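Heads up: the protein sequence lines correspond to chains A and B, in order.
Residue numbers 1 to 328, in UniProt numbering, belong to the letters of the first sequence in order.
Residue numbers 1 to 168, in UniProt numbering, belong to the letters of the second sequence in order.
Yeah, the Cβ is synthetic: ideal placement off N, Cα and C, and Gly gets one too.
Every value quoted in this text rests on a predicted model; they were computed, and no experiment measured them.
Below is one structure, written out as structure tokens, with a few remarks after it.
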Amino acid sequence: MKSFDYIRATDTGHASAEAAEGAVIIAGGTNLLDLMKLEVMTPDALVDITRLDLKQIAATDDGGLRIGTLVTNADLAAHMTVRTDYPMLSQALLAGASGQLRNKATTGGNLLQRTRCYYFYDTATPCNKRAPGTGCAAMEGATRLHAILGGSDQCIATHPSDMAVAMRALDAVVEIEASTGETRHVPLSDFYLLPGDTPQIETVLRRGDLITAVILPAPAQGVQSYTKVRDRASYAFAMVSVAGRIAMDGDRIGQASIAFGGIAPQPWRDADAEAALVGQPATRETFARAADILLADAKPAKDNAFKVPLTRRTLIATLTDLCGKAAS
Amino acid sequence: MQTRLTINGTPHDLDADARTSLLDALRNHLDLTGTKKGCDHGQCGACTVIVNGRRINACLTLACMHDGDEITTIEGLGQPGNLSPLQAAFVKHDGFQCGYCTPGQICSATAMLQEVKDGWPSHVSGNLTGAMDLTDAEIGERMSGNLCRCAAYPNIVDAIRDAAEVKA
Numbered sequence: 001m002k003s004f005d006y007i008r009a010t011d012t013g014h015a016s017a018e019a020a021e022g023a024v025i026i027a028g029g030t031n032l033l034d035l036m037k038l039e040v041m042t043p044d045a046l047v048d049i050t051r052l053d054l055k056q057i058a059a060t061d062d063g064g065l066r067i068g069t070l071v072t073n074a075d076l077a078a079h080m081t082v083r084t085d086y087p088m089l090s091q092a093l094l095a096g097a098s099g100q101l102r103n104k105a106t107t108g109g110n111l112l113q114r115t116r117c118y119y120f121y122d123t124a125t126p127c128n129k130r131a132p133g134t135g136c137a138a139m140e141g142a143t144r145l146h147a148i149l150g151g152s153d154q155c156i157a158t159h160p161s162d163m164a165v166a167m168r169a170l171d172a173v174v175e176i177e178a179s180t181g182e183t184r185h186v187p188l189s190d191f192y193l194l195p196g197d198t199p200q201i202e203t204v205l206r207r208g209d210l211i212t213a214v215i216l217p218a219p220a221q222g223v224q225s226y227t228k229v230r231d232r233a234s235y236a237f238a239m240v241s242v243a244g245r246i247a248m249d250g251d252r253i254g255q256a257s258i259a260f261g262g263i264a265p266q267p268w269r270d271a272d273a274e275a276a277l278v279g280q281p282a283t284r285e286t287f288a289r290a291a292d293i294l295l296a297d298a299k300p301a302k303d304n305a306f307k308v309p310l311t312r313r314t315l316i317a318t319l320t321d322l323c324g325k326a327a328s
Numbered sequence: 001m002q003t004r005l006t007i008n009g010t011p012h013d014l015d016a017d018a019r020t021s022l023l024d025a026l027r028n029h030l031d032l033t034g035t036k037k038g039c040d041h042g043q044c045g046a047c048t049v050i051v052n053g054r055r056i057n058a059c060l061t062l063a064c065m066h067d068g069d070e071i072t073t074i075e076g077l078g079q080p081g082n083l084s085p086l087q088a089a090f091v092k093h094d095g096f097q098c099g100y101c102t103p104g105q106i107c108s109a110t111a112m113l114q115e116v117k118d119g120w121p122s123h124v125s126g127n128l129t130g131a132m133d134l135t136d137a138e139i140g141e142r143m144s145g146n147l148c149r150c151a152a153y154p155n156i157v158d159a160i161r162d163a164a165e166v167k168a
């Protein structure tokens with residue numbers, strides 16, 4: 001690990017000011033320190049925000065939930081309001097990482113965790129995300145973990161988070177404090193950027209920005225779940241995951257909110273696929289049509305063509321289950 | 001970096017480079033070698049310790065970030081002649097072969113049983129809010145952050161179930 005200056009933030013303004021000077025913000029550190037050991041990331045300074053008062057989960061005035069950025073994945077998953085009103089979020093968190101990591105990993109840090117693309121981690125190989133302009137070793141390499149949607153000819157890395165997929169389906173909003181002291185709110189739908197020609201730029205965060213909270217809107221109608229398919233039963237990243245919410249309107253689908261993990265550079269949502277469900281009967285034909293729309297532009301790489309049928313089947317299974325529960 | 005760590009009830013003043021992981025602080029600076037280094041990347045769980053009541057990977061955290069924290073290692077759970085219930089259960093059920101992962105397994109299981117007591121659900125719990133039995137599937141899921149290359153898993157699960165029943 002390269003040496004760095006360690007700074008303990010005294011308040012959010014201090015953290016933002018240090019970050020504006022180039023310090024990297026550290027909270028749980030479970031991903032950042034791993035990347036620093038491998039010298040994939042080599043910050044000159046770390047600003048530690050773990051002593052700041054950003055650990056609360058509180059109801060908002062409009063019936064939603066404000067989750068402080070330092071709330072751990074374990075505490076968020078176990079929070080009774082999350083379990084009862086946003087169950088897909090508890091399920092997504094519990095499907096991620098291990099008990100030890102969930103105790104350390106934080107809400108803001110989870111959103112900002114880096115891809116697990118093997119070539120991003122391997123500093124002996126080219127990677128446009130790690131070293132812009134060097135090329136992408138994944139294009140001709142092992143691509144089981146990689147994207148089938150949203151990638152570019154520069155990068156096909158996936159975003160690894162489970163939590164962010166559920167938050168995407170729940171229409172979460174990210175609260176950000178800039179080094180100017182201004183606070184702004186960015187819907188998670190606008191927070192991540194597709195790789196395009198600049199895969200090293202992953203979010204709309206600017207230098208000196210500090211995520212202070214994630215805000216969930218008031219609980220929506222219907223039933224919800226998080227389904228994760230992976231190479232082993234526990235402690236593995238998603239090959240495909242589906243965070244879904246369905247509300248029925250009589251014998252037809254009234255509302256559908258569906259986000260996907262493991263298949264794209266960001267938690268993936270397709271408004272056209274959701275629109276193809278609403279107003280339709282809850283049949284296999286309806287579900288298959290939504291899957292067709294979702295996967296119409298899928299571009300698998302060498303090793304991950306299996307993700308196209310796997311995503312289709314996982315979506316259909318999830319919708320079958322949710323519509324059945326929503327109707328009863 | 002000056003850091004005060006309270007380890008197994010005893011305060012220690014550490015003066016180490018900011019890069020020092022909590023794991024390296026324990027093993028290389030404070031001679032508490034019960035905590036083991038396996039992968040050093042948070043994947044194997046051999047370095048599991050309990051910090052302020054929560055199990056974490058000591059390899060994936062900086063010692064200097066734990067100034068003032070209370071840390072429990074395998075040495076603090078019990079000693080020969082005065083074993084913790086889980087330590088005794090691992091001996092009784094032969095919950096190891098080479099023993100390298102055992103300190104992490106036992107620290108992890110100690111905190112895991114408290115999580116169960118606190119009503120935390122897991123990925124395999126039938127529902128998120130109801131009562132749950134500590135089935136073998138629950139133990140396996142909750143302990144998935146601790147690998148055993150000798151694959152002593154059946155006996156580890158037996159030991160944890162036994163200790164949980166004694167505790168209950």
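Item: N-terminal and C-terminal residue of the beta strand (DSSP E) that L216(A) is part of; Value: L210 to L216
Item: Where R27(B) meets chain A, residues with beta-carbon distance less than 8 Å; Value: Within chain A, no residue comes near R27(B); the closest Cβ sits about 16 Å away, beyond 8 Å.
Item: A275(A): CB within 7 Å of a non-hydrogen atom of the ligand SAH; Value: Within the structure as shown, the ligand SAH is missing, as the structure has no ligands at all.
Item: Contact set between L32(B) and chain A, taken where Cβ atoms lie within less than 8 Å; Value: Within chain A, no residue comes near L32(B); the closest Cβ sits about 18 Å away, beyond 8 Å.
Item: Cβ-based burial, V166(B) [other Cβ within 10 Å; buried from 16]; Value: exposed
Item: Alpha-carbon to alpha-carbon, V308(A) and I293(A); Value: 12 Å
Item: Chain B within 8 Å of R83(A), Cβ atoms only; Value: yes
Item: Length of the line joining the Cα atoms of T198(A) and G181(A); Value: 28 Å
Item: Proximity test, Cβ basis, 8 Å: D34(A) and chain B; Value: yes
Item: R19(B) at chain A interface by Cβ criterion, 8 Å; Value: yes
Item: Closest residue to R66(A) among D270(A), K55(A) and N128(A) (Cα-Cα distance); Value: K55(A)
Item: CB of T72(A) within 8 Å of CB of R114(A), strictly; Value: no
Item: Same chain, Cβ closer than 6 Å to T3(B), neighbours up to 5 away in sequence not counted; Value: L14, A63, C64 and D67
Item: Ranges of the alpha helix (DSSP H) found wholly within the segment 151-184 of chain A, counting only runs of at least 4; Value: 163-169
Item: Residue nearest to D162(A) in terms of C-alpha spacing, selected from D61(A), T107(A) and I201(A); Value: T107(A)
Item: Residue from D31(B), G42(B) and T10(B) with nearest C-alpha to L147(B); Value: G42(B)
Item: Whole runs of the alpha helix (DSSP H) within the segment 181-266 of chain A, excluding any shorter than 4 residues; Value: 188-191
Item: D136(B) - containing alpha helix (DSSP H), residue span; Value: D136 to R142
Item: Neighbouring residues, chain B, relative to L101(A) (Cβ below 9 Å); Value: G42, I56, N57, L60 and G145
Item: Rounded C-alpha distance that separates R317(A) from D190(A); Value: Sequence inspection shows Ala at residue 317(A); the Arg mentioned does not correspond to that position. Rounded to whole angstroms, A317(A) to D190(A) spans 28 Å at the Cα level.
Item: Close beta carbons around T30(A), own chain, < 6 Å, minus the five adjacent residues each side; Value: L101, K104 and A105
Item: Residue range of the unbroken beta strand (DSSP E) whose run includes L46(A); Value: A45 to D48
Item: Proximal chain B residues relative to T198(A), where beta-carbon distance stays under 8 Å; Value: Per Cβ cutoff of 8 Å: no residues; T198(A) is ~28 Å from chain B at best.
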